[in-house]
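K.L.:
Before I ask anything, here is the structure I am working with.
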Amino acid sequence: MKNILFVASECTPFVKTGGLADVIGSLPQALKQNEGMEVRVILPLYDEISEEWRGQMKYLATFDVPLGWRKQEASIYALEYNQVVYYFISNEYYFTRKGVYGYYDDGERFVFFCQAVIEAIAQLDYKPDVLHAHDWQAGMAVALAKIMNPVEDMKTVITIHNIKYQGIMPLGTFDDFFQLPVEHISGMEWNGMLNCLKSALFHADKITTVSPSYAEEIKDPYYSESLHPLLIERSDDLVGVLNGIDTKDYNPLTDPSLPVNYRSSRASKKANKMEIQEKVGLPIDGEKPLYIIITRLVEQKGLHLVQHILDEFLQEDVQMVILGTGDEEFERYFADAAHRYPDKLATLLTFDEGLARQLYASADFFVMPSKFEPCGLAQLIALQYKTVPIVRETGGLKDTVFPYNEITSDGNGFSFANYNAHDLLTVLRYTLKIYHDRQQWMLLLKNINKGQFSWKDSAREYANMYEQIIPIYA
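Position one of the sequence shown corresponds to residue 1 (the UniProt record's numbering), numbered consecutively onward.
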């Protein structure tokens, strides 16, 4: 049995700010159940983690963590959930704060976490064959694992969930954070700054990202956030493995959030639609096509495109619900639009997991016109709830949503290629045509019903990759 240690900054059900938490919450279980690997996860013990979870944790050890010229104390706790062991690194100064990210010293906080991970390995009765880090917050653990070698022949993997975020700090912090010879700066420096993600890309045995298309895109300067030279140099070690979702959790047949559970019944979808229409204050009409946007309200999600064409599209006989929080520009715009179109648009400036699931279950269409999207889980959840996705052809959206073809009856959604508002409007109007053509609509839904969005295939790909890099005698 191979031992894999996931290092990450968030994980459901303990703490979540985005899709990374969903991946870390479900992939280890898939690897253990389907591939027979002993996967464990190590996380910071944030103040956000509830007392309910803390009460189940077992104290293991307290130890010193070197951080440049000083030492910080860390404690490690363990908890088993769904047959996976989770470790939590505790430090009152760095992690007893409200929220997870967004502090001026986030770089220092997560360098400490990565250094603590390396020190913690010596305290565990579990020796990893592979240390698999996720995103910049865990990236320095890859570099330190290679430099400090806490387990003989331990291999390392870094997964890029979003290359836009890299953990960049002034170069002078090298002496503040590390007790390392100066020659190690070169493996951590990029463009005159200390870069946590770059340090992982430089040192890792394998680099993965969350969809095959995104693996290609990030070698292009437009998508790479300046890291393309290194990614091109390491392209033989770069692979895109498509994310999945936890299909037991996201299951409309058993989801307790839904007013009406269903497998694929359109009558049940309409019943959920009428419930949500009443809840958000839209006219109740089960036949009216309902479009939803569930997202962080930020530029990456293609919301400038939606802004440009929303007035035109709402001239059609449709309804739309927008759920999310984010940039003030978008919050104000969509709140104002809801006032202008009270019978057609509801804007909910919040995020509520149960409400999001109710929207997936009630809608006919899910709109996700992202500027870039490493993988995206929302379109997979939409498909799981038998809601038709409308996406831009980028990253994981391109790998999971295939445009419906009236001639061949193939496809599970709708897409457009150019980052152009009127291309989006053209597709939106075309979706109405298909919706009102009962035969075509039924064929499209039949394709969606055949879809499979679990982690099973992706877990096999990860297992194969681990097998390639682990020494044969491990």
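Just so you know, even glycine gets a beta-carbon here, dropped at the ideal spot from N, CA and C.
Since we're looking at a predicted model, the values are computed, not measured.
#1: Give every residue of the same chain whose Cβ lies closer than 6 Å to the Cβ of residue 334, excluding the five residues on either side of it in the sequence, and list them in chain order.
#2: Please classify residue 50: is it buried, with 16 or more other beta-carbons within 10 angstroms of its beta-carbon, or exposed?
#3: Note down, in chain order, each residue of its chain lying with its Cβ closer than 6 Å to the Cβ of residue 109, except the 5 sequence neighbours on either side.
#4: Comparing alpha-carbon positions, which option in 457, 186 and 305 lies nearest residue 426?
#5: Out of 316, 444 and 273, state which residue places its alpha-carbon closest to the alpha-carbon of residue 358.
#6: Select from 117, 156 and 338 the residue whose C-alpha is nearest the C-alpha of residue 471.
#7: Is it right to say residue 391 is buried, meaning 16 or more other beta carbons lie within 10 angstroms of its own, or is it exposed?
#8: Which first and last residues belong to the alpha helix (DSSP H) in which residue 280 is found?
#9: Looking at the unbroken beta strand (DSSP E) that takes in residue 207, where does it start and where does it end?
#10: Between residue 39 and residue 283, what straight-line distance do the alpha-carbon atoms span, to the nearest angstrom?
#11: Helix, strand or coil: which one does DSSP assign to residue 169?
#12: Using DSSP with H/G/I as helix, E/B as strand and the rest coil, what is residue 302?
#13: Let me check understanding here. Comparing Cα to Cα, which of 407, 394 and 68 lies closest to residue 415?
#14: According to DSSP, is residue 244 part of a helix, a strand, or is it coil?
#15: With 16 as the cutoff for other CB atoms within 10 Å, does residue 328 come out buried or exposed?
#16: Residue range of the alpha helix (DSSP H) that residue 110 falls in?
#17: Sorted by chain position, which residues of the same chain lie with C-beta nearer than 7 Å to residue 28's C-beta, five sequence neighbours on each side aside?
#18: Tell me whether residue 119 is buried or exposed, calling it buried when 16 or more other Cβ atoms sit within 10 Å of its Cβ.
#19: Nearest-angstrom Cα distance between residue 377 and residue 211?
#20: Just reading off the alpha helix (DSSP H) that residue 59 is part of, what are its end residues?
#21: Whose C-beta lies closer than 7 Å to the C-beta of residue 260 among residues of the same chain, with five residues either side of it excluded?
#22: Got a sec? Which residues, its chain only, sit under 6 Å from residue 162 by beta carbon, not counting five neighbours each side?
#23: On the CB-based measure, 16 or more other CB atoms within 10 Å of its CB, does residue 203 come out buried or exposed?
#24: Distance, Cα to Cα, residue 443 vs residue 409?
#25: For residue 60 and residue 123, which I take to be in contact (beta-carbon distance under 8 Å), what is that distance rounded to the nearest angstrom?
#26: Once DSSP output is grouped into helix, strand and coil, what is the label at residue 44?
#27: Would you verify that the beta carbon of residue 459 is, or is not, closer than 7 Å to some beta carbon of chain B?
#28: Can you tell me where the alpha helix (DSSP H) holding residue 28 begins and where it ends?
#29: Which residue comes first and which comes last in the alpha helix (DSSP H) that contains residue 412?
#30: Under a Cβ-count criterion, where at least 16 other Cβ atoms within 10 Å of its own Cβ denotes burial, should residue 407 be classed as buried or exposed?
#31: Compute the Euclidean distance between the alpha carbons of residue 418 and residue 148, then round it to the nearest angstrom.
#32: May I have a chain-ordered list of the alpha helix (DSSP H) segments no shorter than 4 residues that lie completely inside the region 332–389?
#33: Where does residue 83 fall in DSSP's three states?
#34: Could you check how far apart the C-beta atoms of residue 218 and residue 130 are, in whole angstroms? I think they sit under 8 Å.
#35: I'd like to know whether the C-beta atoms of residue 172 and residue 196 end up nearer to each other than 7 Å.
#36: Apart from the five residues just before and just after residue 299, which ones in its own chain have a Cβ nearer than 7 Å to its Cβ?
P.N.:
Considering the structure as presented:
#1: In the sequence shown, residue 334 corresponds to position 334, counting from 1. Within the same chain, residue 334 has close Cβ partners 322 and 347.
#2: As a position in the sequence shown, residue 50 is number 50, starting the count at 1. Residue 50 should be labelled exposed.
#3: As a working note, residue 109 is residue 109 in the sequence shown. 94.
#4: Here residue 426 corresponds to residue number 426 of the sequence shown, with the count starting at 1. Answer by Cα proximity: 305.
#5: Locating residue 358 in the sequence shown gives position 358, counting from the first residue. It is 273.
#6: Taking the sequence shown and counting its residues from 1, the one referred to as residue 471 is at position 471. The shortest C-alpha separation from residue 471 is found at 156.
#7: In the sequence shown, residue 391 corresponds to position 391, counting from 1. Its Cβ being crowded by 16 or more others within 10 Å, residue 391 is buried.
#8: To locate residue 280, count along the sequence shown from 1; it is residue 280. It spans 266–280 - the alpha helix (DSSP H) in which residue 280 sits, taken as one unbroken run.
#9: In the sequence shown, counting from the first residue as 1, residue 207 sits at position 207. Taken as a continuous stretch (DSSP letters only), the beta strand (DSSP E) holding residue 207 covers 206–209.
#10: Working through the sequence shown from its first residue, we reach residue 39 at position 39. Working through the sequence shown from its first residue, we reach residue 283 at position 283. If you take the alpha carbons of residue 39 and residue 283, they lie about 49 Å apart.
#11: Residue 169 sits at position 169 when you count from the first residue of the sequence shown. Residue 169: strand per DSSP, three-state reduction.
#12: Within the sequence shown, residue 302 is the residue found at index 302, counting from 1. Note: residue 302 maps to coil in three-state DSSP.
#13: Here residue 415 corresponds to residue number 415 of the sequence shown, with the count starting at 1. Checking every option, the nearest Cα to that of residue 415 belongs to 394.
#14: Counting from 1 along the sequence shown, the entry for residue 244 is found at position 244. It is coil, neither helix nor strand.
#15: Sequence index remark: in the sequence shown, residue 328 carries index 328 (1-based). Residue 328 is exposed by the Cβ-count criterion.
#16: Against the sequence shown, residue 110 aligns to sequence position 110. Residues 106–121.
#17: Locating residue 28 in the sequence shown gives position 28, where the first residue counts as 1. If we look at residue 28 and ignore the five residues flanking it on each side, its Cβ neighbours are 6, 39, 41 and 84.
#18: Taking the sequence shown and counting its residues from 1, the one referred to as residue 119 is at position 119. That one is buried.
#19: By one-based count along the sequence shown, residue 377 stands at place 377. By one-based count along the sequence shown, residue 211 stands at place 211. For residue 377 and residue 211, the distance between alpha carbons rounds to 11 Å.
#20: Residue 59 sits at position 59 when you count from the first residue of the sequence shown. It is not in any alpha helix (DSSP H) - residue 59 instead sits in the beta strand (DSSP E) that spans 58–67.
#21: Along the sequence shown, one-based indexing puts residue 260 at 260. Result list for residue 260: 268, 271 and 272, in chain order.
#22: Against the sequence shown, residue 162 aligns to sequence position 162. So the list reads 374, once near-sequence residues are dropped.
#23: Residue mapping note: residue 203 aligns to position 203 of the sequence shown, counting from 1. Classification of residue 203: buried, given that the 10 Å Cβ count is 16 or more.
#24: Numbered from 1 along the sequence shown, position 443 holds the residue referred to as residue 443. Numbered from 1 along the sequence shown, position 409 holds the residue referred to as residue 409. Rounded to whole angstroms, residue 443 to residue 409 spans 6 Å at the Cα level.
#25: For the purposes of this step, residue 60 is taken as residue 60 along the sequence shown, with counting starting at 1. For the purposes of this step, residue 123 is taken as residue 123 along the sequence shown, with counting starting at 1. Correct: roughly 6 Å between the Cβ atoms.
#26: Indexing the sequence shown from 1 puts residue 44 at position 44. DSSP places residue 44 in strand when its eight states are reduced to three.
#27: In the displayed structure, chain B is absent; only one protein chain is listed.
#28: Counting from one through the sequence shown, the residue named residue 28 turns up at place 28. Where residue 28 is concerned, the enclosing alpha helix (DSSP H) stretches over 19–35.
#29: Along the sequence shown, one-based indexing puts residue 412 at 412. Premise fails: residue 412 is in no alpha helix (DSSP H) and is neither H nor E.
#30: In the sequence shown, counting from the first residue as 1, residue 407 sits at position 407. The residue is exposed, with fewer than 16 neighbouring Cβ atoms inside 10 Å.
#31: Mapped onto the sequence shown, residue 418 falls at position 418. Mapped onto the sequence shown, residue 148 falls at position 148. Cα to Cα, the separation comes out at about 46 Å.
#32: 353–362 and 378–384
#33: Position 83 of the sequence shown, counted from the start, is the residue given in the question as residue 83. Reduced to three states, the DSSP call for residue 83 is coil.
#34: Locating residue 218 in the sequence shown gives position 218, where the first residue counts as 1. Locating residue 130 in the sequence shown gives position 130, where the first residue counts as 1. Between residue 130 and residue 218 the Cβ distance is about 22 Å, and since that is not below 8 Å, they are no contact.
#35: In the sequence shown, counting from the first residue as 1, residue 172 sits at position 172. In the sequence shown, counting from the first residue as 1, residue 196 sits at position 196. Cβ atoms of residue 172 and residue 196: not closer than 7 Å.
#36: Reading the sequence shown from its first residue, position 299 is the one you call residue 299. Excluding sequence neighbours, residue 299 sits near 371.
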